[in-house]
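Numbering (the working numbering), first residue to last: 40 to 259.
Pasting the structure below:
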């Protein structure tokens, strides 16, 4: 059973998402909150698989709630999915930095929304290749602001290669094809790199790969 926490200051939207989720046999809404502070408390109380969090809310916004969830070891298994009206805007970029597993636009089709919940519950980042490319383009125009990470030295050559391919927006199957290995081995390389770099998911891995200097942005 996939356990979901809904955090949005608009009751109508919460009701709509709940109506979609409640009819699914493998998904359960365990709690609802109208702001980030309440959502953080409920996340600690219920330990959901997914916290579906709006960005702009009173009391505590979604970015701060995401940051606090990501920083709490007791909530390590909670996957934060950000809700936004505008796609990849500045707020979403900061939410990914804060530890979000991905994001959804509020006008998403119902079937895509349900699929996204199951993807997030598996621990996979909700970043389509097109979104990953937008992240990459961001780093093309804005160079990294952080120095190279010492943890990069812990990566094997194959793990470095897999991270670089993740940063290009490739899936595990595509990485396997590029590296001429099995998809399971590709997934193992990615997972080990995430563990060594303390990245919560692939979204964080993409950001870290560019910020650390592992992958250098190319001029357009």
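The beta-carbon is built from N, C-alpha and C at its ideal position, and this holds for glycine as well.
C-beta atoms of residue i and residue j nearer than 9 angstroms
{"i": "residue 68", "j": "residue 45", "result": "yes"}
{"i": "residue 83", "j": "residue 113", "result": "yes"}
{"i": "residue 119", "j": "residue 109", "result": "yes"}
{"i": "residue 73", "j": "residue 111", "result": "no"}
{"i": "residue 157", "j": "residue 65", "result": "yes"}
{"i": "residue 155", "j": "residue 117", "result": "no"}
Same chain only: Cβ atoms within 8 angstroms of residue i, ignoring 5 sequence neighbours per side
{"i": "residue 94", "result": "100, 101, 102, 121, 122, 123, 130, 131, 134"}
{"i": "residue 149", "result": "59"}
Contacting residues, own chain, Cβ-Cβ under 7 angstroms from residue i (five flanking each side not counted)
{"i": "residue 191", "result": "251, 253"}
{"i": "residue 54", "result": "none"}
{"i": "residue 70", "result": "44, 81, 85"}
{"i": "residue 107", "result": "79"}
{"i": "residue 211", "result": "222, 225, 226, 229"}
{"i": "residue 153", "result": "59, 63"}
{"i": "residue 76", "result": "98, 99"}
DSSP bridge partner residues for residue i (one or two, in chain order)
{"i": "residue 142", "result": "121"}
{"i": "residue 43", "result": "68, 89"}
Residue burial classification, residue i (beta-carbon count within 10 angstroms, cutoff 16)
{"i": "residue 62", "result": "exposed"}
{"i": "residue 168", "result": "In this predicted model, residue 168 has a pLDDT of only 49, less than 50, meaning its place in the structure is not dependable; the value taken from the coordinates is given anyway. Exposed, by the Cβ-count rule."}
{"i": "residue 198", "result": "buried"}
{"i": "residue 49", "result": "exposed"}
{"i": "residue 232", "result": "buried"}
{"i": "residue 236", "result": "buried"}
Close beta carbons around residue i, own chain, < 6 angstroms, minus the five adjacent residues each side
{"i": "residue 214", "result": "201, 204, 225"}
{"i": "residue 88", "result": "41, 42, 160"}
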